[in-house]
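Only one structure is covered here, and it is reproduced in the block below.
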Amino acid sequence: MGGTAVLRSPAFRLVGLGFSLAFWIGGGAILGHWLDGKYGIEPVLTVALLFLGLAIGLYDAYRRLKELVAFNNDKNGN
């Protein structure tokens, strides 16, 4: 089993999905917090960008899961 086969395994794809979701949500919250401090309007941008990050993260998770299901169906011949 080569290195690329391991990286394409469903387990690694699911771990990547979790990291991606955390990246979008955390990134939105951190950026919002920084912008709130810069403009002095706490917590408006923190909350707004947190929810934007959540929406982007959920969309990305949906897209990745859809790709994973299609990959497994092709692999299993379904």
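If you use this note's numbering, the sequence shown corresponds to residues 195 to 272, in order. A virtual CB, placed ideally from N, CA and C, is assigned to each residue, including glycine.
Item, Value
"Environment of I235 [buried if 16+ CB atoms lie within 10 Å]", "exposed"
"For L239 and A216, the rounded distance between their alpha carbons", "18 Å"
"Whole-angstrom distance between A264 and N177, CA atom to CA atom", "Residue 177 falls outside the range modelled here, since the chain spans only 195 to 272, and no answer is possible."
"S214, enclosing alpha helix (DSSP H) - first and last residue", "P204 to Y233"
"Same chain, Cβ closer than 7 Å to A242, five either side skipped, listed in chain order", "G226"
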